[in-house]
Amino acid sequence: MLREEISNFIKTIMEKDLEAGFVSEIVTRFPPEPNAYLHLGHARALVMNFELAKYFNGRTNLRFDDTNPSKEEAEFVEAIIRDVEWLGYKPYKITFGSDYFEAKFQYAVKLIKKGLAYVDDLSQDEIREYRGTLTEPGKNSPYRDRSVEENLRLFEEMRQGKYQDGEKVLRAKIDMSHPNLNMRDPVLYRIMHVEHHRQGNKWCIYPMYDFAHPLQDAIEGITHSLCSLEYENHRILYDWVVENCKTPHVPQQIEFGRLNITNTIMSKRYLRELVEKGKVEGYDDPRMPTLVGLKRRGYTPEAIKNFIIATGLSRTNSTVESDMLEHFLREDLKMKAKRLMAVINPLKVIITNFPEGKVEYLDAPNNVENPDLGTRKIAFSRNLYIDRNDFVLEKPNKHYKRLALGLEVRLFHAYFIKAHDVIYDENGNIEAVLCTYDPETKSGSGFSARKPNGTIHFVEASTARPATFNLFEPLIIDDETDGRSFLERLNPNSWLVKEGYIENAPEGFAELDRFQFIREGYFAVDKTSSTERLVFNRIVPLKSSFR
Ligand code: ATP
Ligand code: MG
31 MLREEISNFI
41 KTIMEKDLEA
51 GFVSEIVTRF
61 PPEPNAYLHL
71 GHARALVMNF
81 ELAKYFNGRT
91 NLRFDDTNPS
101 KEEAEFVEAI
111 IRDVEWLGYK
121 PYKITFGSDY
131 FEAKFQYAVK
141 LIKKGLAYVD
151 DLSQDEIREY
161 RGTLTEPGKN
171 SPYRDRSVEE
181 NLRLFEEMRQ
191 GKYQDGEKVL
201 RAKIDMSHPN
211 LNMRDPVLYR
221 IMHVEHHRQG
231 NKWCIYPMYD
241 FAHPLQDAIE
251 GITHSLCSLE
261 YENHRILYDW
271 VVENCKTPHV
281 PQQIEFGRLN
291 ITNTIMSKRY
301 LRELVEKGKV
311 EGYDDPRMPT
321 LVGLKRRGYT
331 PEAIKNFIIA
341 TGLSRTNSTV
351 ESDMLEHFLR
361 EDLKMKAKRL
371 MAVINPLKVI
381 ITNFPEGKVE
391 YLDAPNNVEN
401 PDLGTRKIAF
411 SRNLYIDRND
421 FVLEKPNKHY
431 KRLALGLEVR
441 LFHAYFIKAH
451 DVIYDENGNI
461 EAVLCTYDPE
471 TKSGSGFSAR
481 KPNGTIHFVE
491 ASTARPATFN
501 LFEPLIIDDE
511 TDGRSFLERL
521 NPNSWLVKEG
531 YIENAPEGFA
541 ELDRFQFIRE
551 GYFAVDKTSS
561 TERLVFNRIV
571 PLKSSFR
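Quick note on the numbering used here: the sequence shown kicks off at 31 and runs consecutively.
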């Protein structure tokens, strides 16, 4: 997909701003809070910020919004940097909101001096009570009219650590009867005696998001500050902060709708719960909608980017079918991936008219749709495996296009085989199918005297390598008809493990190598795979199967 294909209302705004000379270039930022791993929802913000700036030859900062101190941030910072890199983006700068703590403090002092901010002694509960409601105006705090001098002294003392958490806050002095509750003297700073992952114990007062974010944007020269819809009624405060702090640069906040996907959950809190309750292997569990999970599963960055771009940007939140993401993976790998043969539910086949001990090597194209991927040799002998689902004793109906006793099928890139008998094990299960092959029907020979009853895949037993196949279904099943929580809607079949065989590829199987296994889907080598034990994740089946 071309970058030119991005078309959305934000691009239109940017075009107009450039034309009108409001801005001379486009500068965006992707502002994750480093308290979680990125998920597909974040990918929408990430891809759009980078792609839009790139389209206009602008730039994008990766800015960690770390103004709220918390514990495990360093791990998340590194993970997010790797995710951005994996998607193929290079931030113009990597910055931290906390780097601007001093500048923000000075802007707060400026507001106090202008009579636009004051130190309040009301408790959190009292502040809430005084705020009023949508239908009732709020009440002024009794501390609202402190003098500038007193406010400056108290704010400095707050910074020095003279007060306990919650004892005082700094608030903007705007309007306690403003129709937008966010404008009723919002809190700008709170006291938190908490260590910060980068600033250590330097600070015990921390700015609130609504004060910090516009200032960070202004300081970095961001022209278009994109955020999700829930910030829409904070925009008025964003503009108030920028205007009254008289920042040298004036950024513009624009909201877009959040991305949701069916049969998955996309909230940090829920994803954390899945990990902490041990419902998944970790953030990179191949069923997780995190970028690290999708990467491990085998998703390509291109598939994710194309999916995000195709879902577009609108002013409303949207829910997209999970099938759509699968579609973009298939599109991406269709021509790129080699098509090998793997048997996931093995059933032995003995070719009774093929000499014992001999292995014949046949030429097979690596991708019938893309000759550039070359050819390889595949093995054929007396002992093969086919998929158990490709054999029944008796043809059940005329639509059945696989193997049965008395029927002849083609083996991909090899010969026609015809089943004449079966061997049972001691439990009465079919252990092997006895077949004959017809040497005349060799693939590529142009044989056309008979039509086989379908074409199935196989591997040669002595050269094939045992392999584990991880098959996935959605982790969660959407069911809006009942009120069950997402933990109760976990899909018990979300991870199926199968033991089978794969043809031996001389170049080996390195982590994240991706293949199409003929008739089974697209697979990637899992991180737990080794030369002794190959492990493959099915990224997606060949056709959408789950509804
Ligand atoms: P969550 O809702 O999962 O807790 P968040 O919004 O708190 O996520 P941030 O780290 O603040 O996570 O998000 C970074 C950026 O990603 C923000 O600009 C945010 O608006 C955006 N974002 C997060 N989730 C989505 C989503 N589902 N769709 C679009 N953008 C999103
Ligand atoms: Mg957030």
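Cβ atoms here follow ideal geometry from the backbone N, Cα and C, with glycine treated the same way.
Beta-carbon spacing of residue 79, residue 250 below 8 Å: no
Contact defined as beta carbons within less than 8 Å: I believe residue 198 pairs with residue 147. What is the distance between those atoms, to the nearest angstrom? With 8 Å as the limit, residue 198 and residue 147 do not qualify as a contact, their Cβ atoms being about 12 Å apart.
Who are residue 368's beta bridge partners in DSSP? 545
Report yes if the C-beta of residue 217 is less than 7 Å from at least one heavy atom of the ligand ADP; otherwise report no. Among the ligands present in this structure, namely the ligand ATP and the ligand MG, the ligand ADP is not found.
Which one of 230, 486, 392, 232 has the shortest CA to CA distance from residue 431? 486
According to the neighbour-count rule (16 or more other Cβ atoms, all chains shown, within 10 Å of its Cβ), is residue 115 buried or exposed? exposed
Where residue 31 sits in the DSSP three-state scheme: With a pLDDT of only 47 at residue 31, under the threshold of 50, the placement of this residue in the model should not be trusted; the figure read from the coordinates follows. Coil, per DSSP.
Among 363, 188, 529, which one has its Cα closest to the Cα of residue 399? 363
State yes or no: is the C-beta of residue 475 within less than 8 Å of the C-beta of residue 502? no
Between the alpha carbons of residue 181 and residue 162, how many angstroms are there, rounded? 24 Å
Can you give me the C-alpha to C-alpha distance between residue 33 and residue 334, rounded to a whole angstrom? Low per-residue confidence applies at residue 33: pLDDT is 48, beneath 50, and the placement is therefore not dependable, though the value from the model is reported in the following sentence. C-alpha separation (whole angstroms): 14 Å.
Under the criterion of a Cβ to heavy atom distance below 7 Å, does residue 298 qualify as lining the ligand ATP? yes
Who are the near neighbours of residue 572 in its chain, counting only those whose CB is closer than 6 Å to its CB and skipping five residues on each side? 551
So is residue 444 buried or exposed if we call it buried at 16+ other beta carbons inside 10 Å? buried
Could you name each continuous alpha helix (DSSP H) segment of 4 residues or more that falls completely within the stretch 111-165, going from the start of the chain to the end? 131-143, 154-160
What does the Cβ neighbour count give for residue 387, buried or exposed, with the cut at 16 atoms within 10 Å? exposed
Between which residues of its own chain and residue 365 is the CB-CB distance below 8 Å, once the five residues before and five after are set aside? 397, 399, 400
Please identify the residue among 247, 51, 187 whose C-alpha is closest to the C-alpha of residue 269. 247
Within this structure, are the beta carbons of residue 467 and residue 446 separated by less than 8 Å? yes
Alpha carbon of residue 41 to alpha carbon of residue 51, nearest angstrom: 15 Å
Does residue 299 pass the burial test, meaning 16 or more other C-beta atoms within 10 Å, or should it be called exposed? exposed
Determine the DSSP secondary structure at residue 45, reduced to helix, strand or coil. helix
Coil, strand or helix - residue 525 by DSSP: strand
Any contact of the stretch 128-138 with the stretch 335-346, i.e. 3+ C-beta pairs under 8 Å? no
Within the continuous beta strand (DSSP E) that includes residue 338, where are the two ends? Looking at the DSSP string, residue 338 is not in any beta strand (DSSP E); the run it does join, the alpha helix (DSSP H), is 331-341.
What is the C-beta distance between residue 505 and residue 321, in whole angstroms, given that I count them as a contact (C-beta under 8 Å)? About 16 Å separates the two Cβ atoms, so there is no contact after all.
Residue 193 beta carbon less than 8 Å from that of residue 97: no
Looking at the structure shown, is residue 434 part of a helix, part of a strand, or coil, going by DSSP? strand
Which class does residue 244 belong to by DSSP, given the choice of helix, strand or coil? helix
With a floor of 3 residues, list each beta strand (DSSP E) that falls wholly inside the stretch 210-267, ordered by position along the chain. 217-221, 235-237, 254-258
DSSP state of residue 348, grouped into three classes? strand
With a threshold of 16 other CB atoms inside 10 Å of the CB of residue 144, please say whether the residue is buried or exposed. exposed
Contact between the stretch 344-360 and the stretch 388-395 (3+ Cβ pairs under 8 Å): no
Give me the Cβ distance between residue 483 and residue 437, rounded to the nearest whole Å; I'm assuming they're in contact under 8 Å. 5 Å
Is the distance from the Cβ of residue 61 to the Cβ of residue 113 below 8 Å? no
In the DSSP assignment, the beta strand (DSSP E) including residue 378 goes from what residue to what residue? 376-381
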